[in-house]
Amino acid sequence: MARCIHGVMTTSDDSYLLPESSSSSPYQARLPVTTSRSCFRRFYESMFSIFFNIHYFYEKKMEQRKKLDVACSLEEYNDDEMIEEDPSFLSILCCRNMLRRKRSLHSRTLRLGYGPISGSHSNFVPNKVCNQKYNLFTFIPLVLFQQFKFFLNLYFLLMACTQFIPAIQIGAPITYWGPLGFVLTITLIREFFDDFARFLRDREMNGEKYEKLTRDGFVTIKSCQIQVGDLIMIHKDRRIPADVVLLRTSEKQGACFIRTDQLDGETDWKLRIAVPYTQNLTSDLELMNINCEVYAEKPQKDIHAFVGTFKVTNDDNTIHDCSLNVENVLWANTVLASGHAIGVVVYTGRETRSVMNTTLPDSKVGLLDMEVNNLTKILFLFVMVLSGVMVLMKGLDNNWYKYLIRFVLLFSYIIPISLRVNLDMAKLFYAWIVGRDKYIPNTVVRSSTITEEMGRVAYLLSDKTGTLTRNEMRFKKIHLGTVAFSTDSFSDVTKHVESAYRGTLGRHSFSVKLQTAVETIALCHNVTPIYENGTVSYQAASPDEVALVEWTEVVGVRLAERDLTSMTLQLNNGETRAFQILHLFPFTSESKRMGIIVKDQTTDEISFLMKGADTVMSKIVQYNDWLDEECSNMAREGLRTLVVAKKSLTPEQLADFEKQYHLAKMSLTDRNENMAAVVRKLETDLQLICLTGVEDRLQDEVTQSLELLRNAGIKVWMLTGDKLETAICIAKSSGLFSRTDNVHVFGQVQTRTEAHSELNALRRKSDVALVMTGASLNVCLQYYEAEVAELVCGCVAVVCCRCSPEQKAQIVNLLKKYKSPQRIAAIGDGGNDVSMIQAAHAGIGIDANEGKQASLAADFSITQFKHVCRLLLVHGRFCYKRSCALSQFVMHRGLIISTMQAIFSCVFYFASVSLFQGFLMVAYSTVYTMLPVFSLVVDQDLTAANALAYPELYKELRKGRSLSYKTFCIWVIISLYQGSVIMYGALILFDSDFIHIVSISFTALIFTELIMVGLTIHTWHWAMFVAQALSIFLYILSLLFMNNFFDPEFVQSVVFLTKSAVITAVSCLPLYFIKLLRRTFSPPSYAKVN
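FYI, the numbering for the sequence shown is 533 to 1622, going by the working numbering.
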């Protein structure tokens, strides 16, 4: 039986008949199409079965896949154990074995000129660089899988697929496939260009030309053609294409330097040494004629260790062998910084250290994204509830499930499919804006997905050296136990040294002692002078060592020359003193000291010289009563201290040491431990020579920046590996501790009782600045983790000294655990800060002197600490506020049209038919409103200058009031009001033709959205005017030329314009007046500032 409502004929099965005048319209009569219920149910069940199986497989297998990826790279997995743990792992294993041949990691022995001794080149991986995520066949499947593994995307796919079922089809399929296709197209295009850029970079690196040594001389080959066992030549400033054992260099002594900033982030040059036997050959071609074997351990990740041997069998069957260590190897993707070199390739492709250390950190998800995701879940539940209510109101019958799905389809616009792509595009735009900010030059956004996190930071954890300070060292003080010399008395040091070198004083005179101290400092290092264009510069592993050598030059002892085996010092009078380098023991973070054995070529005196941290050296040097006190005094002055010591060796002692050391170097297992054990036998009863103090100057505007951050409500903590006294001094001088702060030094604790006592002492104090050591923190966290988090977070500022990199990350995780959802940011400049930076919600790296490792691992890279203020207070604020407005407006756009649809269905007896058909539904969220809505990404609620001038405004952002359940409900109410006004207004005002209701309601809807964008904007930008004008122009064209949807004569009439204008005014004017009253009588804080 048919019913007539406002001239529209409806039937019991929700098809409705229009007047004949509109028969050419998509709103023409639609006849019901019946299908078998069992057929429909089978399709329905199969679709959802696929959905749940995909998610079950994905969630259940991700952990196994990760285990397999790690296991395949290290070849340490056990198939049987993993299958026993989860039998379904067998399916993954089988797939992996079918897709690629299994390769095991193993050691190799090579013969120069012949390649691998056992096996062939095919046993080793090719030397191809491949950073692509996809290939021609996997591109579309993998991209689609990455999109549809998320529930909402899969939900929209299922909704679109149901449009191929006639029984539940709602209008044209383009209505649902259009938005989904638009989102997928944007994603495919972005992924294609990203992967194509990776392909071009890979092709460029694989096509680099290198020279390979053969029996006929050198031939040119591409990087991807290099194989294990090849002898290749590398020229200055060229990339090392594979892991190579260094055989010969252009330097007479067989030394060369490499730059490793792309491998470990350190910018200092590293010294590498050629194998002495091959370096002494008369020509390169002789490498092809010697009977030589090179053994290399199996590939591993450690870039600071290598175990290998070099064995030559002479014509008389005598064997010459030597050990190979990391100093004899050039790692792939480092750059040769001096001369040219020839080496034998030992590892290629994914077996190189560079590739094996290339791991992607866990992707970070911003708090805003999680909040938006929660709101989207609410919208999904709202869709299901609304659809169920509509079915109940319609009445339950045998086809109720069809109507339920039809209503779900009709109201699916409540869940905005374009929200994700809008936010993704906005984040890319934010990254571009930050990179172009002239006030923070060379800033790089490496993780554009979390830009909004910078607008809600509650805690900023900072490194000290190189972050708050410059990492530019200046020698400030030397203490000899009885006398100390500082900057204003260094001229006296020069006089004492000159008189001592003249040889007119006794060996126990003070001048001789001072001369010994200066000479020891000038010899005990790993610094190399580099002469270029008539000037000299110093290359070293640490800026501290450069500062020491530069100071000895100032007081009259200059490092003139240095190679692998000798060192020459030049005095002020031009005299030179030559020393032979017998052994060098480099500084490591574990040993915290370095040593060198030298022989004076003039006196044949053999000396073992050492310098290192006071905590280590105090146990090595002879008893004294002044070292600990003076270390504390220098630390209070903010100086970095090094203890210098010396020990004379007899030839017999040296010979005994060299014998044991050689045996340790030749061991194939635990080589480093064995070598360190031999060296430790020398490190006893050393004579304390002096204590040095080096100053690390503060960064520009550090004090002002810390004050600005404190006023913004951000708590800044300093985590450093330095001594307690030094940390306190820097905290005070930088302004981290204000003059009025009561500093509480947490006592050293080793037991649970002591930790309990110290925590109670801290609890009794309020508003204190806390200083504690990493060791004490470890003990407290072991027993009282929650209490520590509560008490420490209550302090106005915190300094944690003697922190290891792992402890820095541990502190970040502590705050994330107990202070969620507050955002934690971390900033640092060195490799020891990487773990902290990656653990934080937002990691900031400083691209500075110490290296690029922190910068490359961080989410944001800046050049100076002061830039963090603008990054947080300006860009963080703008990104967060813009994304909040954008996401809520996109939701509003879907809610308002769904409100209209709900009213339309209710008025027409709960008919599950679409109000707007085909192109109109697609164009609504794309052609007509996308640009104006997206233009919100250039809006700003206040100027950048005011954001920095009034940092207190930043505190409000952390409360999350810009996007909350309250603001969400407000937008829902606005959507319900405007949707009701537009729909009821159109129903009341339209006359005989149904097409007129479409024209009026859709026109009012479009202009309401454009006006609402204007009401949301705080500061108008030229792009906003362009977006509004372009959208209006396109819509007017549609009204005039899209005859299938609009009546051309009617839309040009005064009646149409009047009705559309009245409905639009009623929907928007009340909101305008409410906004005007609020800004007048209760303006927000940012409005008061403006």
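We treat Cβ as the ideally placed atom computed from N, Cα and C, and that holds for glycine.
Quick one: what's got a C-beta closer than 8 angstroms to residue i's C-beta in the same chain, skipping five residues either side?
i: E1290; result: F1278, G1279, V1281, S1308, C1312
i: V1598; result: V1513, G1517
i: P705; result: A692, Q695, F696
i: P1464; result: E1541, L1542, V1545, M1556, A1559, Q1560, S1563
What does a CB cutoff of less than 7 angstroms around residue i pick up in its chain, not counting 5 residues either side in sequence?
i: D1232; result: Q1396, K1398
i: N865; result: R771, I772, Q794, L795, S886
i: H1550; result: D1471, Q1472, D1473
i: V1089; result: V1029, V1050, E1051, A1054, L1101, L1103
i: Y1604; result: L1547
i: I718; result: V953
i: M737; result: V661, S755
Taking residue i as the reference, give the member of the options with the closest Cα.
i: T981; options: A963, D969, K996; result: A963
i: S1592; options: N655, S1531, M1005; result: S1531
i: L676; options: L712, K1620, A1479; result: L712
i: T670; options: L1101, L690, D727; result: D727
i: F724; options: E743, K754, N667, Q757; result: N667
i: N1274; options: A1318, S1298, F714; result: S1298
i: T841; options: D1132, R1203, A1145; result: R1203
i: S1367; options: K830, L993, I1394, P698; result: L993
i: P973; options: S1563, Q1420, L1542, S1393; result: S1393
i: F961; options: F1410, Q1154, G1511, T1612; result: F1410
i: I1356; options: Y1350, K1340, G1363, H1373; result: H1373
i: H1424; options: G1511, G1360, Y1412; result: G1511
i: H872; options: K784, Y1033, L1223; result: K784
i: I1221; options: A1263, L690, Q1047, N1058; result: Q1047
With residue i as the anchor, note down where its alpha helix (DSSP H) starts and where it stops.
i: Q1370; result: 1366-1371
i: N685; result: 683-693
i: K1151; result: That residue, K1151, is in no alpha helix (DSSP H); it is neither H nor E in DSSP.
i: F1557; result: 1554-1573
i: I1262; result: 1256-1266
i: Y1316; result: Counting along the chain, Y1316 falls outside any alpha helix (DSSP H), and DSSP gives it neither H nor E.
i: E1286; result: 1284-1295
i: S1387; result: 1385-1389
i: S1018; result: Segment 1016-1018 is the beta strand (DSSP E) holding S1018; no alpha helix (DSSP H) there.
i: V1587; result: 1586-1613
i: V1330; result: Where V1330 is concerned, there is no enclosing alpha helix (DSSP H), although the beta strand (DSSP E) it sits in stretches over 1329-1333.
i: M1198; result: 1183-1198
Name the two residues that bound the continuous beta strand (DSSP E) containing residue i.
i: H1011; result: 1001-1011
i: N1274; result: 1274-1277
i: R791; result: 787-791
i: F842; result: 840-845
i: D1228; result: 1219-1230
i: W1158; result: Where W1158 is concerned, there is no enclosing beta strand (DSSP E), given that its DSSP letter is neither H nor E.
When we look at the beta-carbon of residue i and count the other beta-carbons within 10 Å, is it buried (16 or more) or exposed?
i: E971; result: Here residue 971 turns out to be Tyr, not Glu, going by the sequence shown. Classification for Y971: exposed.
i: V565; result: At V565 the pLDDT is 37, less than 50, meaning the model places this residue with poor confidence and gives no usable figure here.
i: Y742; result: buried
i: N849; result: exposed
i: C1335; result: buried
i: W1083; result: buried
i: V540; result: Interpretation of V540 is limited by its pLDDT of 40, a score under 50 that renders its predicted location unreliable; the figure taken from the coordinates is listed afterwards. Label assigned to V540: buried.
Can residue i be considered in contact with the ligand PLP, in the sense that its beta carbon sits closer than 7 angstroms to one or more heavy atoms?
i: P658; result: This structure simply doesn't include the ligand PLP, nor any ligand for that matter.
Beta-carbon within less than 6 angstroms of residue i's beta-carbon, same chain only, minus the 5 sequence neighbours each way: which residues are those?
i: P619; result: Residue placement at P619 is poorly supported in this model, since its pLDDT is 41, which falls under 50; the coordinates are not used for a value here.
i: D1379; result: S1387, S1393, T1395
i: Y1486; result: A1244, L1405
i: T641; result: I649, E825, Y827
Using a Cβ-Cβ cut-off of 8 angstroms, state whether residue i counts as contacting chain B.
i: S1507; result: No chain B appears in this structure, which consists of one protein chain only.
Exercise for review: Entirely within the region 887-963 and at least 4 residues each: give me those alpha helix (DSSP H) ranges in chain order.
Suggested key: 899-926, 932-942
Point to revise | Every unbroken beta strand (DSSP E) within the region 1021-1076, with a cutoff of 3 residues, ordered by chain | key: 1060-1064, 1067-1071
Practice item. Kindly provide the ranges of any beta strand (DSSP E) runs that are 3 or more residues long and lie completely inside the region 818-880, ordered along the chain. Key: As far as the region 818-880 is concerned, its whole beta strand (DSSP E) runs of at least 3 residues are 824-828, 840-845, 851-856, 873-879.
Review point. Enumerated in chain order, which unbroken segments of the alpha helix (DSSP H) with a length of 4 residues or greater are wholly contained in the region 1475-1524?
Key: 1476-1481, 1486-1489, 1497-1521
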